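Keeping their order, the protein sequence lines are chains Y and L. Taking UniProt numbering, the leading residue of the first sequence gets 1, the next gets one more, and so forth. Taking UniProt numbering, the leading residue of the second sequence gets 1, the next gets one more, and so forth.
Number of protein chains: 2
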Amino acid sequence: MHKRIKLTIAYDGTRYCGWQIQENGITVEEMINKSLSGLLGEKICIMGASRTDAGVHALGNVAVFDTHTRIPPEKISYGLNQRLPEDITVQKSEEVPKEFHPRYAAAIKTYEYKILNRTFPQPICRLYTHFIYYPLDVEAMQKAAAYLVGEHDFKSFSSIGGQTKTSVRTITALDVEKEGDIITIRVSGTGFLYNMVRIISGTLIQVGQGYRTPESVQEIIEKRDRRFAGPTAPPRGLTLIGINFTGNDDKIIDMGGQV
Amino acid sequence: MHKRIKLTIAYDGTRYCGWQIQENGITVEEMINKSLSGLLGEKICIMGASRTDAGVHALGNVAVFDTHTRIPPEKISYGLNQRLPEDITVQKSEEVPKEFHPRYAAAIKTYEYKILNRTFPQPICRLYTHFIYYPLDVEAMQKAAAYLVGEHDFKSFSSIGGQTKTSVRTITALDVEKEGDIITIRVSGTGFLYNMVRIISGTLIQVGQGYRTPESVQEIIEKRDRRFAGPTAPPRGLTLIGINFTGNDDKIIDMGGQV
Chain Y
1 MHKRIKLTIA YDGTRYCGWQ IQENGITVEE MINKSLSGLL GEKICIMGAS RTDAGVHALG
61 NVAVFDTHTR IPPEKISYGL NQRLPEDITV QKSEEVPKEF HPRYAAAIKT YEYKILNRTF
121 PQPICRLYTH FIYYPLDVEA MQKAAAYLVG EHDFKSFSSI GGQTKTSVRT ITALDVEKEG
181 DIITIRVSGT GFLYNMVRII SGTLIQVGQG YRTPESVQEI IEKRDRRFAG PTAPPRGLTL
241 IGINFTGNDD KIIDMGGQV
Chain L
1 MHKRIKLTIA YDGTRYCGWQ IQENGITVEE MINKSLSGLL GEKICIMGAS RTDAGVHALG
61 NVAVFDTHTR IPPEKISYGL NQRLPEDITV QKSEEVPKEF HPRYAAAIKT YEYKILNRTF
121 PQPICRLYTH FIYYPLDVEA MQKAAAYLVG EHDFKSFSSI GGQTKTSVRT ITALDVEKEG
181 DIITIRVSGT GFLYNMVRII SGTLIQVGQG YRTPESVQEI IEKRDRRFAG PTAPPRGLTL
241 IGINFTGNDD KIIDMGGQV
């Protein structure tokens, strides 16, 4: 009898062409499939919860796969980490019900977009933050963020290329915080459109720069047109923090340590 | 008339063979010399305060050079950063008295050694922390650290290859703190022997693992023999935070933002 195993996965997205397998470069999904197939001696194809873009990082992306292995579920992480490169680490492996699918299970996803806001870039955080030397007005960004919380049609905040039928989504929380030189946009929701977090971040940055008023965000939502929102902020600032499955078929996941 | 210019420099040491120019690979000193010579149109050879090892990072290393340029001293940083690669950034440029030499001026240097202490590595901080899965006893490390503060002969904590005549140094502060999964060993002193901070860190890690008692550090100091101390901890965990020049010939430097 096969078992369904859930993996919680952290990665540095810098050198990957995103999560999803594609022809033009190496991806996180591909690296995990290869390592898992080697470890278990079966051909494994994982199903991921979030297909992060090229250059985007994760502390807790989630994937599942089916296997006949006799390795205890919680031990798979150890064997897998010995085969994976240093920039991908499985944080947890566990058995889940066979009907559990991370893309269709009810869940809250949390992302953080980090901005380094100071006179000069800081080399040791260059890969995980978006550098802006122009001082940002955090209070204005917080005001603007408030308009986005709740259920809205986020069509203005979505790149073409998304495959979903409706662009209505619910943002359950959206906070902007500053600590030292780092401004963090932390957003949680039940689902996100293609590039949605990066377009929200790009729009909030323009509010912080004074190019837009906080109130203008309300108008952008109403326009339902991508051209009215700000630019798509660069991928390096974005990290998928974790996915909290809210259904009864799964328990709340550990998001893993944060730095 | 020439001027003496002081640079405060941050870098990610990952891909460099350390600070000092050598034949076998690229170094931070070499990159700055090339960029400065190109910017100013004169051949520049900087004099650095701290010759950090391969893989060691800095938020605030210091170097000086002499120039006839008409570029205002504080503007040199902007021009230089446009020529430097993304993993080296000048945080400040300023004119200093002509007799100021960063290696001989009285100064307190501060280093941090960061340990990631959790079950699995975290990809996004792998380049800037040393990963240890075995839980460390931070309290024991703090007790051990107390023995090292003050003026001592640190011969046991020095690798061969150092060029100094005496191995007596003064540690003005040595703190061990844990925040989340990160243990930080923060050490300040008037000067350090070759590999001294990494050998102190390697020894404190062994105390944290229970291989040594805190009290044994006193014995290690008294032995004045490298073989009695712990191993040299890996370079990636080490960052030169800043150098505080204490003489009257220079003011306290800004250490730059920390993450």
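Glycine residues also receive a C-beta, built at the ideal position from the N, C-alpha and C atoms. Bear in mind the structure is a predicted one, so any value in this text is a computation, not a measurement.
Item to check | Residue nearest to residue 211 of chain L in terms of C-alpha spacing, selected from L:141, L:191, L:197, L:9 | outcome: Of L:141, L:191, L:197, L:9, the residue nearest in Cα terms is L:141.
Checklist entry - Can you list, in chain order, the stretches of the beta strand (DSSP E) that have 3 or more residues and sit fully within the UniProt domain "Pseudouridine synthase I TruA alpha/beta" (144-245) of chain Y? => result Counting only runs of 3 or more, we get 150-153, 168-179, 182-189, 238-245.
Next on the checklist: Please confirm whether residue 88 of chain L has its beta-carbon closer than 8 Å to some beta-carbon of chain Y.
Outcome noted: Using beta-carbon distances, residue 88 of chain L counts as an interface residue toward chain Y, with a partner under 8 Å.
Next on the checklist: With a threshold of 8 Å between beta carbons, is residue 121 of chain L in contact with chain Y?
Outcome noted: Nearest CB-CB separation between residue 121 of chain L and chain Y: below the 8 Å threshold.
Checklist entry - How about residue 91 of chain Y: is its C-beta nearer than 8 Å to some C-beta of chain A? => result In the displayed structure, chain A is absent; the protein chains listed are Y and L.
Item to check | CB contact check: residue 12 of chain L to chain Y, cutoff 8 Å | outcome: Answer yes: the Cβ-Cβ gap between residue 12 of chain L and chain Y drops below 8 Å somewhere.
Next on the checklist: Between residue 156 of chain L and chain Y, is the shortest Cβ-Cβ distance under 8 Å, so that the two count as touching?
Outcome noted: Closer than 8 Å to the CB of residue 156 of chain L there is not a single CB belonging to chain Y.
Item to check | Residues, ordered as in the chain, of the segment 72-83 of chain Y that lie near chain L by beta-carbon distance below 8 Å | outcome: Under the 8 Å Cβ criterion, the segment 72-83 of chain Y contributes 77, 81.
Checklist entry - What distance in whole Å lies between the Cβ atoms of residue 109 of chain L and residue 188 of chain L, which are believed to be in contact at a cut-off of 8 Å? => result Yes, they are in contact, since the Cβ atoms of residue 188 of chain L and residue 109 of chain L sit about 7 Å apart, within 8 Å.
Checklist entry - When the Cα of residue 5 of chain Y is compared with those of Y:44, Y:229, Y:131, which residue comes out closest? => result The shortest C-alpha to C-alpha distance from residue 5 of chain Y to any of Y:44, Y:229, Y:131 is the one to Y:44.
Checklist entry - In this structure, does DSSP put residue 56 of chain L in helix, strand or coil? => result Residue 56 of chain L: coil per DSSP, three-state reduction.
Checklist entry - Is it buried or exposed for residue 16 of chain Y, if we count other Cβ within 10 angstroms and need 16 for buried? => result Here residue 16 of chain Y is buried. Its C-beta has 16 or more other C-beta atoms within 10 Å.
Next on the checklist: Run through chain L and tell me which residues come within less than 8 Å of residue 126 of chain Y, C-beta to C-beta.
Outcome noted: The contacting residues are 12, 86, 87.
Next on the checklist: Within 10 Å of its beta-carbon, does residue 198 of chain L have 16 or more other beta-carbons around it, so buried, or fewer, so exposed?
Outcome noted: Answer is buried; the Cβ neighbour count reaches 16.
Item to check | At least 3 beta-carbon pairs within less than 8 Å: the segment 132-139 of chain Y vs the segment 107-121 of chain Y | outcome: The segment 132-139 of chain Y makes contact with the segment 107-121 of chain Y; the number of CB pairs closer than 8 Å reaches 3 or more.
Checklist entry - What does DSSP give as the partner residues of residue 116 of chain Y in its beta bridges? => result Per DSSP, Y:131, Y:182.
Checklist entry - Less than 8 Å separating the beta-carbons of residue 235 of chain L and residue 10 of chain L? => result Cβ atoms of residue 235 of chain L and residue 10 of chain L: not closer than 8 Å.
Checklist entry - Where does residue 61 of chain Y fall in DSSP's three states? => result Residue 61 of chain Y sits in a strand when the DSSP states are folded into three classes.
Item to check | Beta-carbon proximity of residue 149 of chain L to residue 174 of chain L, cut-off 8 Å | outcome: Cβ distance < 8 Å, so residue 149 of chain L and residue 174 of chain L count as in contact.
Item to check | Coarse secondary structure for residue 35 of chain L, derived from DSSP in three states | outcome: It is helical.
Checklist entry - How big is the Cα-Cα spacing for residue 70 of chain Y and residue 245 of chain Y? => result Between residue 70 of chain Y and residue 245 of chain Y, the C-alpha separation is close to 26 Å.
Checklist entry - Within 10 angstroms of its Cβ, does residue 67 of chain Y collect 16 or more other Cβ (buried), or is it exposed? => result The residue is buried, with at least 16 neighbouring Cβ atoms inside 10 Å.
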